[in-house]
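For reference, the structure is listed below as structure tokens.
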Amino acid sequence: MVLIVAAQELANAILYLKKVAVEHFSPRDSSHWLVLVALLLSVMFAVHQLYWRRRGYPPGPTPLPLLGNFLQINTESPHKTMLQWRRRYGPIFTIWIPGPVVVISDYESLKEALLKNARCFSGRPHKPMWSIFYGDDQKEGDGIILSEGERWSNNRELALAIFKAFDLSGDELEARVRVHVDYLEHHIYAEIGKKENAHMDLHIAIAYCVGNIIQDIVLGKSYPYGDPEFDGLKRLIDSTLHDAGSTSVLLANQFPCLATVLPVARRYITNGVLLRNRFMHLIDEHEEALSMDGEPRDFMEAYLREVRRNPGHAHIRRRSLCFVAADLWTGGMETTVTTMRWAIIYMIYHPSVQLRCQRELDKVFGPEPSAYSRKDETPFVMATIAEVQRISNVLPWAIPHRTMNDVFIDGYFIPKGTEIMPQYGCILHDPNLFPNPDQFLPERFLDTDGAYRPRVELKPFGFGARVQPVAIALCAFAPRASLSLLDSLVVARQQSIGDRPFKTVDDLSAYGKATTGALVCLQAESLARECAVITPPDEVVKAANELGAAYGIMNLVRSSLPLMAQGVVLLPADLLALHSLTADKVYNKKNPDDVVAVVKDLVQVASSHLAASRTVYPSIPRALCPALAAPASIVEYIIGNVKKVKYDLYDPRLQRRSPFLMWSLLYKHVLGRY
């Protein structure tokens, strides 16, 4: 419809100009024709800007030529403008800043995009002004925040592995935080004492406290308050983050020739280079004193050890460490400091909330330091923290995503390479989710009994790990279940398997054991309690694990086709490499004979796990066998179905479910054949 209107407008304009030219313009006067050509070009430019370039995108506000919609946005509170546009155009719409950006502004659409279609929306836009951080030659970016693809997954996995080795959880992390919080408290008392009329700017003091916590872990050092090196680093970061959302930088991203003309864009480039050089200098200092013996002192030393162990690695290198360390420092620093500053402001303007929080802390901890492990005893404090995170909206401009494949969402076709802007502020201030969203009401996170009630919509820093619904179904049985089994299930289910394929068949088998295998064990444990058996025998655990591995493998085979429709290929990387395949080749249906060979290998491995589970059946008490029956029958059916379609992974008949499964289970139960 838009194209028809545009064509009609252009045709009418041309006819009108032709009429004017015939009636008034002299063929001998060249100036008249220059005016006519200028008018015609102006009409064509207007049609291109207002109609042609917007075709194919979701609807949205009409952009101004060159500037787009930036002048229409409330830059202080962009969510307010986005909520207005959402009411007019729906939860998914297109804005131009000045290039096209598809905005996703409600919780359900964001969940569909960033969780259900995680891989499709996992990219980062290739912005010219971002190249100062990772170089023009690196299409995947670098670090964690601005990277994508294999480099992102490598950097993220290595960072998580290092933190896991440090065991920065629970008491260890809290002890480190406590040291710096105590120092902040002493600093405040030293500055203002106990005078009732004393005042001070807490911004710098909080920045030092949070910055030293992060640097203690990442860089292995902390700075005394007022240190010029820290002050210089923070000024660079503040300036760079502030300029990143400026009109000048947005224009320079769209028109790179303006990068050296606009003063703010030039400052952004200069500070970005200085920031990169500052972190490279810190890496040089660590490398000079690097030791491969003993435990690493900090994250940077642990990473440098990996660089030395993997010379020439495409992703584990000093340059990547520079950006990873900068991401950890800036990402944690800015959001935490901003949240704490807002918390203080809201405490000042709502003294009744401050008093209630203080009374709850005094009641629970008394003169002792507070402990995060006892957070469940302070529901109002937790509710207040959640409300601060909601109302302060510390990420008014989320870092944009980029679609890695063509995808449909909410009825709209989004082509590969489209820039996506998640608008978390629209969710946090959605009146349908949080009534009276502009009011500070911690009580909205409490239930009728006064207990803290987390809200799944509260994602102030973006969407994190998945919470699988199977965990909810186990809640009723959890108090009586084996903690290790339940923990295995929850940990495995919370991992995002949609971002990248399994590395090996063993990883896929382990996933099946930790999920389906854990469920089978829980069911067997429930049956054991009903039959007065204290614990299931070891044979049940072995059979459950083997069945879980077989189920995990065959369920992946069955679900591969619908996953590929979302641009996701999870087949084990080691099998793909063995048959000279890649995820892209499988997705694009290249080398179908090799794909058949991969499926045959997976069926063979699953069959061996199934056979191994059956070898221990004679040793299992008959009363516990029903827990094993369903997964075994499902695996058998899928294997038979795969063989019927001749191991064709792309055959839609793989999605068929057995209409006789229930009758088959009943028959086996009556005859006692499991």
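The sequence shown begins at 227 in the numbering used here and counts up by one. Quick reminder that beta carbons are idealized off the backbone N, C-alpha and C, glycines included. In this text the structure is predicted, and so the values were computed from the model without any measurement.
Does the stretch 806-818 come close enough to the stretch 772-784 that 3 or more CB-CB pairs lie under 8 Å?
Not touching, per the Cβ criterion.
Could you pull the DSSP bridge partners for Pro648 from this structure?
In the sequence shown, counting from the first residue as 1, residue 648 sits at position 422. In DSSP, Pro648 forms a bridge with Ile330.
So Leu476 and Pro285 are supposed to be a Cβ contact under 8 Å. How far apart are they, rounded?
Within the sequence shown, numbered from 1, the residue matching residue 476 stands at position 250. Within the sequence shown, numbered from 1, the residue matching residue 285 stands at position 59. That belief does not hold up - the Cβ atoms of Leu476 and Pro285 are roughly 22 Å apart, past 8 Å.
The alpha helix (DSSP H) that contains Phe660, what's its start and end?
Looking up residue 660 in the sequence shown gives position 434. Looking at the DSSP string, Phe660 is not in any alpha helix (DSSP H), and its letter there is neither H nor E.
Thr730 by DSSP, collapsed to three states: which one?
Counted from its first residue, the sequence shown places residue 730 at position 504. DSSP places Thr730 in coil when its eight states are reduced to three.
Starting from Val783 and walking both ways along the beta strand (DSSP E), at which residues does that stretch end?
In the sequence shown, counting from the first residue as 1, residue 783 sits at position 557. No beta strand (DSSP E) contains Val783, which is instead part of the alpha helix (DSSP H) from Asp764 to Ala791.
Hey, quick one: how far does the beta strand (DSSP E) through Phe456 stretch, first residue to last?
Taking the sequence shown and counting its residues from 1, one reaches residue 456 at position 230. That residue, Phe456, is in no beta strand (DSSP E); its alpha helix (DSSP H) goes Pro454 to Ala470.
Three or more C-beta pairs under 8 Å: does that hold for the stretch 485-495 against the stretch 424-439?
No: the two stretches stay apart, fewer than three of their Cβ pairs being nearer than 8 Å.
Shortest alpha-carbon distance to Asn619 belongs to which of Ser303, Met630, Gly557 and Thr320?
Numbered from its first residue, the sequence shown carries residue 619 at position 393. Ranking the options by Cα distance to Asn619, first place goes to Ser303.
Bridge partners of Val633, per DSSP?
Along the sequence shown, one-based indexing puts residue 633 at 407. Per DSSP, Ile640.
Using three-state DSSP, classify His627 as helix, strand or coil.
Locating residue 627 in the sequence shown gives position 401, where the first residue counts as 1. In this structure, His627 counts as strand in the three-state DSSP scheme.
Express the C-alpha separation of Phe296 and Pro661 in angstroms, rounding to a whole number.
Taking the sequence shown and counting its residues from 1, the one referred to as residue 661 is at position 435. Taking the sequence shown and counting its residues from 1, the one referred to as residue 296 is at position 70. Roughly 29 Å separates the two Cα atoms.
What residues match up with Leu672 in a beta bridge as DSSP calls it?
Locating residue 672 in the sequence shown gives position 446, counting from the first residue. Note: Leu672 sits in a beta bridge opposite Tyr678.
Between the stretch 576-586 and the stretch 602-614, do three or more beta carbon pairs fall short of 8 Å?
In short, these stretches touch, since the Cβ pair count reaches three.
Give a yes or no on contact between the stretch 493-501 and the stretch 520-532, applying the rule of three or more CB pairs nearer than 8 Å.
No contact exists between the stretch 493-501 and the stretch 520-532.
Grab the span of the beta strand (DSSP E) containing Thr301 for me, first residue to last.
Start at 1 with the first residue of the sequence shown, and residue 301 comes out as number 75. Per DSSP, Thr301 belongs to no beta strand (DSSP E) and is neither H nor E.
By DSSP, does Ile574 sit in helix, in strand, or in coil?
As a first step, residue 574 must be located in the sequence shown, where it is residue number 348. Three-state result, Ile574: helix.
Is Gly294 helix, strand or coil by DSSP?
Indexing the sequence shown from 1 puts residue 294 at position 68. Strand, per DSSP.
State the start and end residues of the unbroken beta strand (DSSP E) segment that holds Thr224.
Summary: the structure shown does not reach residue 224, with the chain confined to residues 227 through 900, and so no result is reported for it.
In whole angstroms, give me the CA-to-CA distance for Leu672 and Asp656.
Working through the sequence shown from its first residue, we reach residue 672 at position 446. Working through the sequence shown from its first residue, we reach residue 656 at position 430. Leu672 and Asp656: Cα-Cα distance of roughly 18 Å.
In the structure shown, what three-state DSSP assignment does Ile865 receive?
Counting from one through the sequence shown, the residue named residue 865 turns up at place 639. Correct three-state label for Ile865: helix.
So if DSSP puts Gly349 in a beta bridge, which residue, or which two residues, is it bridged to?
For the purposes of this step, residue 349 is identified with residue 123 of the sequence shown, where counting begins at 1. Arg628.
Determine the direct distance from the alpha carbon of Val822 to that of Val904, and round the result to whole angstroms.
Since the first and last residues shown for the chain are 227 and 900, residue 904 lies out of range.
Helix, strand or coil: how does DSSP classify Asn423 here?
Start at 1 with the first residue of the sequence shown, and residue 423 comes out as number 197. Reliability fails at Asn423, whose pLDDT of 49 lies under 50, so the model's placement of it is uncertain and the value that follows must be treated cautiously. Reduced to three states, the DSSP call for Asn423 is coil.
Grouping DSSP H, G and I as helix and E and B as strand, with all else coil, what is Pro695?
Residue 695 sits at position 469 when you count from the first residue of the sequence shown. Note that Pro695 scores 29 on pLDDT, short of 50, meaning its location in the model is unreliable; the coordinates nonetheless yield the value given after this. Here Pro695 sits in coil by DSSP.
Whose C-beta lies closer than 8 Å to the C-beta of Lys870 among residues of the same chain, with five residues either side of it excluded?
Counting from 1 along the sequence shown, the entry for residue 870 is found at position 644. Only Arg879 meet the Cβ criterion.
Round the Cβ separation of Ala552 and Leu501 to the nearest angstrom and send it over; I've been treating them as touching at under 8 Å.
What you label residue 552 is simply residue 326 of the sequence shown in a count that begins at 1. What you label residue 501 is simply residue 275 of the sequence shown in a count that begins at 1. Their Cβ separation, rounded to whole angstroms, is 7 Å, which keeps Ala552 and Leu501 in contact under 8 Å.
Using the C-alpha atoms, what's the distance from Asp764 back to Val563?
Reading the sequence shown from its first residue, position 337 is the one you call residue 563. Reading the sequence shown from its first residue, position 538 is the one you call residue 764. Roughly 51 Å between the two C-alpha positions.
Leaving out five residues on either side along the sequence, give the residues of the same chain with a beta carbon under 7 Å from the beta carbon of Phe347.
Translated into positions along the sequence shown, residue 347 becomes position 121. Contacts found: Ala339, Leu340, His627, Thr629 and Ile646.
Where does Val228 fall in DSSP's three states?
Residue numbering aside, residue 228 sits at position 2 when the sequence shown is read from its first letter. At Val228 the pLDDT is 45, less than 50, meaning the model places this residue with poor confidence and gives no usable figure here.
Over the uninterrupted alpha helix (DSSP H) stretch that includes Phe392, give me the two end residues.
Residue mapping note: residue 392 aligns to position 166 of the sequence shown, counting from 1. Residues Gly375 to Phe392.
Among the candidates Asp636, Val550, Val829 and Pro788, whose CA atom is the shortest distance from the CA of Ser335?
Indexing the sequence shown from 1 puts residue 335 at position 109. Selected option, being the one with the closest Cα: Asp636.
Using DSSP with H/G/I as helix, E/B as strand and the rest coil, what is Ala758?
The residue given as residue 758 occupies position 532 in the sequence shown. The predicted position of Ala758 is uncertain, since its pLDDT is 48 and thus under 50; a value taken from the coordinates is nonetheless stated next. Looking at Ala758 - three-state DSSP - the assignment turns out to be coil, as it is neither helix nor strand.
Helix, strand or coil, according to DSSP, for Ile439 in the structure here?
Stepping through the sequence shown from its first residue, residue 439 is reached at position 213. It is helical.
Using the beta-carbon count (16 or more within 10 Å), is Val682 buried or exposed?
Within the sequence shown, residue 682 is the residue found at index 456, counting from 1. Flag for Val682 reads exposed.
With three or more C-beta pairs closer than 8 Å as the rule, is the stretch 456-467 touching the stretch 566-575?
No: fewer than three Cβ pairs fall under 8 Å.
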